[in-house]
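Peer 1:
As structure tokens, this is what we get:
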């Protein structure tokens, strides 16, 4: 079996979950090609929302969607998904105990090509300090798939941290 990188596994699993549950929606911050949210967009364009380079706004929209019974998955590079949207994650989603899934892609030093502005080395510490937050760091595509299945647990807010891998 060929090795699949985490981001591809994430995107493929979003598509699987979208087939199983109509409540799932995906929000991208202009990075669907990198986070693999584009796979969900292709399969379910009516449940995909391109928010532009506006992670804070994307997070607030996800909070609103969660309050209507949707299960939103937000996708961006980890440095932006956690850094730019910190206040909205803490004050709206975590404090409100909303069922939102946040994917921080290209985490740690894995995005070496884009330089220091795109490297999230503090995201685990930041997210662990947020009340009601579960931080998950899958090691490979198989663990990524398993983590994605956790979305069916009631009202679980999680931060899943994916590496930027250079294959697939």
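Numbering (my numbering), first residue to last: 27 to 194. Glycine included, C-beta positions come from ideal geometry on N, C-alpha and C.
1. Is residue 27 helix, strand or coil when you go by DSSP?
2. When the Cα atoms are used, what is the spatial distance from residue 120 to residue 157?
3. Looking only at its own chain, which residues have a Cβ that is under 6 Å from the Cβ of residue 89, when we skip the five neighbours before and after it?
4. From the DSSP output, in three-state form, read off residue 87 for me.
5. If the criterion is Cβ atoms closer than 9 Å, does the pair residue 116 and residue 82 meet it?
6. For residue 62, which residues from the same chain have a beta carbon less than 7 Å from its beta carbon, with the 5 sequence-adjacent residues on both sides left out?
7. Which residues in the same chain have their Cβ closer than 8 Å to the Cβ of residue 49, if we skip the five residues on either side of it in sequence?
8. Per DSSP, residue 160 forms a beta bridge with which residues?
9. So, helix, strand or coil for residue 101, using DSSP?
10. If you follow the beta strand (DSSP E) that residue 127 is part of, which residue opens it and which one closes it?
11. Could you please give the first and the last residue of the uninterrupted alpha helix (DSSP H) stretch that includes residue 152?
12. Put residue 79 into one of helix, strand or coil per three-state DSSP.
Peer 2: Let's see:
1. Its pLDDT being 43, under 50, residue 27 is placed unreliably in this model, and the value from its coordinates should be taken loosely. Here residue 27 sits in coil by DSSP.
2. Taking the straight line joining both Cα atoms gives about 6 Å.
3. Correct list, in chain order: 118, 119, 124.
4. helix
5. no
6. 33, 34, 36, 37
7. 95, 96, 97
8. Per DSSP, 184.
9. strand
10. 127-131
11. In the DSSP annotation of this structure, the continuous segment of the alpha helix (DSSP H) that includes residue 152 starts and ends at 149-154.
12. coil
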